[in-house]
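These notes concern the structure reproduced below.
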Amino acid sequence: MMEKKYKFWFATGSQDLYGEECLAKVAKHSGIIVENLNESGVLPFELVRKPTLIDNESIRRLFHEANADETCAGVITWMHTFSPAKSWILGLQEYRKPLLHLHTQFNQEIPYDTIDMDFMNENQSAHGDREYGHMVTRMGIERKIIAGHWSDITVQKRIADWMRTAIGIMESSHIRVVRFADNMRNVAVTEGDKVEAQIKFGWEVDAYPVNEVAEYVKEVPTGDIEALVEEYYSKYDILLEGRDEKEFRKHVTVQAGIELGFEKFLVEKNYHAIVTHFGDLGSLQQLPGLAIQRLMEKGYGFGAEGDWKTAAMVRLMKIMTAGMKEAKGTSFMEDYTYNLVPGKEGILQAHMLEVCPTISDGPIGIKVCPLSMGEREDPARLVFTSKTGPAIATSLIDLGNRFRLIINDVVCKKVEKPMPKLPVATAFWTPQPNLTVGAESWILAGGAHHTAFTYDLTAEQMGDWAAAMGIEVVYIDKDTTIRSLKNELLWNSIAFR
45 MMEKKYKFWF ATGSQDLYGE ECLAKVAKHS GIIVENLNES GVLPFELVRK PTLIDNESIR
105 RLFHEANADE TCAGVITWMH TFSPAKSWIL GLQEYRKPLL HLHTQFNQEI PYDTIDMDFM
165 NENQSAHGDR EYGHMVTRMG IERKIIAGHW SDITVQKRIA DWMRTAIGIM ESSHIRVVRF
225 ADNMRNVAVT EGDKVEAQIK FGWEVDAYPV NEVAEYVKEV PTGDIEALVE EYYSKYDILL
285 EGRDEKEFRK HVTVQAGIEL GFEKFLVEKN YHAIVTHFGD LGSLQQLPGL AIQRLMEKGY
345 GFGAEGDWKT AAMVRLMKIM TAGMKEAKGT SFMEDYTYNL VPGKEGILQA HMLEVCPTIS
405 DGPIGIKVCP LSMGEREDPA RLVFTSKTGP AIATSLIDLG NRFRLIINDV VCKKVEKPMP
465 KLPVATAFWT PQPNLTVGAE SWILAGGAHH TAFTYDLTAE QMGDWAAAMG IEVVYIDKDT
525 TIRSLKNELL WNSIAFR
């Protein structure tokens with residue numbers, strides 16, 4: 045589900061005008077850069093140095109091989125010396141994977157006492173990268189540009205961030221979403237063009253009768269269910285709150301069967317994200333709650349009330365953050381209610397049941413409480429509060445003629461007081477630049493009430509993903525004003541018409 049054994053290629057551009065000695069130094073320098081980047085511990089994936097590219101044929105062959113190699117998730121290009129850019133045309137025309145233009149040079153400082161024309165000719169990144177960059181721009185190819193010395197930790201972290209974006213670009217075409225219900229009746233924002241989504245993002249979105257997965261739930265062996273319940277009881281706090289213990293356990297046992305049955309269905313049919321709806325539960329005894337939370341924790345995407353776009357985005361973010369050290373979590377989320385007290389403004393985030401426990405801070409408990417929707421028995425769910433700190437909330441919407449990804453920087457905080465009567469997992473955040481401008485901007489941009497939320501990716505990373513997908517992206521951050529946003533939306537309506 046989560047482990048992806050990708051590598052990235054490092055391609056250095058040059059030419060033979062300055063002789064073999066110069067080319068030998070170029071190759072040596074490239075090797076040192078790649079070796080040091082790999083040993084830095086900053087990059088999440090291995091960087092593989094490729095031979096120096098000096099002509100049309102070698103460039104074309106490298107990009108062709110990159111396309112064919114399933115382990116290659118992208119190519120990083122760097123022009124050590126001057127590389128005539130017409131040599132790159134055919135290779136770039138055929139290339140189909142993420143591209144990073146690293147604008148760096150081997151030496152960090154000008155060697156003032158010894159610099160001569162030989163050094164100048166050999167170290168022409170300031171020259172060669174502009175020649176190459178001109179051609180990529182003229183060809184209209186989307187790429188990431190990172191400028192700075194390769195040993196700089198900031199540059200290394202930006203390369204690492206781009207690698208995770210590249211994984212999102214590569215894995216987007218592998219995402220398969222299964223829907224066990226249609227959209228909630230008369231709700232607009234969770235609708236969308238699934239055919240266009242497959243064209244744009246590569247997502248496969250399929251539908252099955254809910255009773256088909258319910259059969260998988262019925263067939264789960266009792267022993268497997270009991271073993272999972274024991275795991276629940278050992279891992280989470282059991283919050284009976286006056287309920288009979290045996291009756292409580294029966295409700296939890298139902299969720300264990302749902303988790304195992306759903307997971308078997310997803311594995312057998314190779315789906316990576318799931319959509320349910322409280323209005324279409326078939327023969328299921330409960331609305332999937334704890335079960336969905338656990339599946340999200342394992343890396344599956346989720347969307348409620350038929351929201352397949354958010355389900356795919358949650359899966360995408362989980363893949364992009366897989367293996368990240370000290371990750372704080374990614375989840376499906378929903379805007380619920382405001383705190384409008386001056387100086388304490390924020391939005392209480394939750395859902396009926398389905399918030400991923402990866403974002404939890406502190407103990408996680410299990411509660412069994414009534415749910416007015418779904419007309420089923422009381423579902424068990426995990427309850428907790430979220431971590432604090434900066435994060436992003438994203439909403440992918442279908443405007444009829446195009447997709448738009450809205451990205452809002454938010455700051456997660458602790459609520460002022462406990463909420464003992466609220467039996468769901470919660471987060472509380474203030475959108476940037478503040479609640480008033482953030483909320484008005486979100487509504488102006490058409491953002492949904494469901495979001496794909498993460499602490500572990502940046503607005504820049506998700507914006508780079510959107511650019512690679514060829515869709516509109518709208519940022520709401522500390523610099524946003526209503527006037528500037530209105531102008532941006534107007535310009536975008538023309539640019540993406």
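All the letters of the sequence shown, read from the start, carry residue numbers 45 to 541 under this note's numbering. Where a beta carbon is used, it is the ideal one built from N, C-alpha and C, also for glycine.
So the candidates are 57, 320, 248, 264; which of them puts its Cα closest to the Cα of residue 128? 57
DSSP puts residue 171 in a beta bridge; with which residues? None, per the DSSP bridge assignment.
Rounded Cβ spacing between residue 215 and residue 49 (contact assumed at less than 8 Å): Between residue 49 and residue 215 the Cβ distance is about 12 Å, and since that is not below 8 Å, they are no contact.
Return helix, strand or coil for residue 385, following the three-state DSSP convention. coil
Alpha carbon to alpha carbon, how far is residue 416 from residue 179? 60 Å
Please determine if the stretch 258–265 and the stretch 298–313 are in contact, where contact requires at least 3 C-beta pairs separated by less than 8 Å. yes
Cut-off 6 Å between Cβ atoms - residues of its own chain near residue 347, not counting five sequence neighbours on either side: 319, 354, 355
Out of curiosity, what's the CA-to-CA distance linking residue 224 and residue 235? 15 Å
May I ask you to report which of helix, strand or coil DSSP gives residue 265? coil
Quick check on residue 544: buried or exposed, where buried means 16 or more other Cβ atoms within 10 Å of its Cβ? One cannot answer for residue 544 here, as it falls past the ends of the chain, which runs 45 to 541.
Give a yes or no on whether the C-beta atoms belonging to residue 403 and residue 431 are separated by under 8 Å. yes
Residues that DSSP places opposite residue 456 in a beta bridge: 433, 473
Rounded to the nearest angstrom, how far is the Cβ of residue 520 from that of residue 473, given a contact under 8 Å? Actually they do not touch by this definition, with Cβ atoms about 13 Å apart.
In this structure, does DSSP put residue 123 in helix, strand or coil? strand
Excluding five sequence neighbours on each side, which residues of the same chain lie with their C-beta closer than 7 Å to the C-beta of residue 414? 422
Express the C-alpha separation of residue 229 and residue 281 in angstroms, rounding to a whole number. 36 Å
Could you check where the alpha helix (DSSP H) with residue 354 kicks off and where it finishes? 352–364
By DSSP, does residue 180 sit in helix, in strand, or in coil? helix
To the nearest angstrom, how far is the alpha carbon of residue 379 from that of residue 308? 31 Å
Roughly how many angstroms separate the alpha carbons of residue 42 and residue 248, rounded to a whole number? Residue numbering for the chain in the displayed model covers 45 to 541; residue 42 lies beyond these limits and cannot be assessed.
Name the one or two DSSP bridge partners that residue 329 has. Answer is none; residue 329 lacks a bridge partner.
Would you tell me roughly how many angstroms separate the C-alpha atoms of residue 199 and residue 252, rounded to the nearest one? 46 Å
Out of 113, 75, 76, 130, state which residue places its alpha-carbon closest to the alpha-carbon of residue 101. 130
N-terminal and C-terminal residue of the beta strand (DSSP E) that residue 223 is part of: 220–223
Backbone CA spacing between residue 52 and residue 277 [nearest angstrom]: 43 Å
Any 3 or more C-beta pairs closer than 8 Å across the stretch 444–464 and the stretch 332–345: no
With a threshold of 16 other CB atoms inside 10 Å of the CB of residue 349, please say whether the residue is buried or exposed. buried
Less than 8 Å between the C-beta atoms of residue 394 and residue 469, yes or no? yes
Check whether the Cβ atoms of residue 119 and residue 441 lie closer than 8 Å to each other. no
Given a threshold of 16 other Cβ atoms within 10 Å of its Cβ, counted over all protein chains shown, does residue 382 qualify as buried or as exposed? exposed
Any heavy atom of the ligand NAP within a distance shorter than 7 Å of the CB on residue 513? In the structure on display, the ligand NAP does not appear, and there are no ligands present to speak of.
On the three-pair Cβ rule with 8 Å, is the stretch 160–168 touching the stretch 202–220? no
Take residue 44 as the anchor and find which of 412, 328, 361 has the nearest alpha-carbon. Because the chain is modelled from 45 through 541, residue 44 falls outside the range shown and cannot be assessed.
Consult DSSP for residue 519 and reduce its assignment to one of helix, strand or coil. strand
For residue 264, which residues of its own chain have a beta-carbon under 6 Å away from its beta-carbon, when the five flanking residues on both sides are left out? 301, 304, 305
Three CB pairs or more closer than 8 Å across the stretch 101–116 and the stretch 64–74: no
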